[in-house]
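Report on the following structure.
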Amino acid sequence: MTIIYDVIAKRHENCTRPDVVLFYDENKETAIKFMGDYDKKNGFTLYEKDGRFTIADIILRERYSTGEEISQKSYIEIYDECGRRRKEQAAG
Numbered sequence: 010m011t012i013i014y015d016v017i018a019k020r021h022e023n024c025t026r027p028d029v030v031l032f033y034d035e036n037k038e039t040a041i042k043f044m045g046d047y048d049k050k051n052g053f054t055l056y057e058k059d060g061r062f063t064i065a066d067i068i069l070r071e072r073y074s075t076g077e078e079i080s081q082k083s084y085i086e087i088y089d090e091c092g093r094r095r096k097e098q099a100a101g
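Heads up: the sequence shown begins at 10 in my numbering, then just goes up one per residue.
Next comes the structure, spelled out in structure tokens:
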């Protein structure tokens, strides 16, 4: 079964709008690189037709192609506060 990696803009708890899938790929490293690039370019914000909004987190979701979720990791679990890959995540 194929594994897909989604990069998701997670909204704040009190927000009524749904979370946004920013990117997806079958390659985990490509998705993680996108997470870092997105943060460098946009920070924890999301541009929409109504304006620019802050988001609570950027999530890496691992799922099967059927949609069944395997795991989720927060941005801070993959990158440190300076935007560098954490050692335990860089290895695999």
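Even glycine gets a Cβ: it sits at the ideal position worked out from N, Cα and C.
As the structure is a computational prediction, the values presented were derived from the model and not from experiment.
From the options, pick the residue whose C-alpha is nearest to that of residue i; which is it?
| i | options | result |
| --- | --- | --- |
| residue 67 | 44, 26 and 93 | 44 |
| residue 28 | 69, 40, 10 and 11 | 69 |
Can you have a look at residue i and say buried or exposed, based on whether 16 or more other CB atoms are within 10 angstroms of its CB?
| i | result |
| --- | --- |
| residue 16 | buried |
Look at the Cβ atom of residue i, then the Cβ atom of residue j, and state whether they are nearer than 9 Å.
| i | j | result |
| --- | --- | --- |
| residue 20 | residue 64 | yes |
| residue 37 | residue 78 | no |
| residue 54 | residue 62 | yes |
| residue 40 | residue 34 | yes |
Where do the ends of the alpha helix (DSSP H) carrying residue i lie?
| i | result |
| --- | --- |
| residue 43 | 37-51 |
Out of curiosity, what's the CA-to-CA distance linking residue i and residue j?
| i | j | result |
| --- | --- | --- |
| residue 31 | residue 73 | 18 Å |
| residue 26 | residue 95 | 31 Å |
| residue 59 | residue 22 | 19 Å |
| residue 11 | residue 80 | 14 Å |
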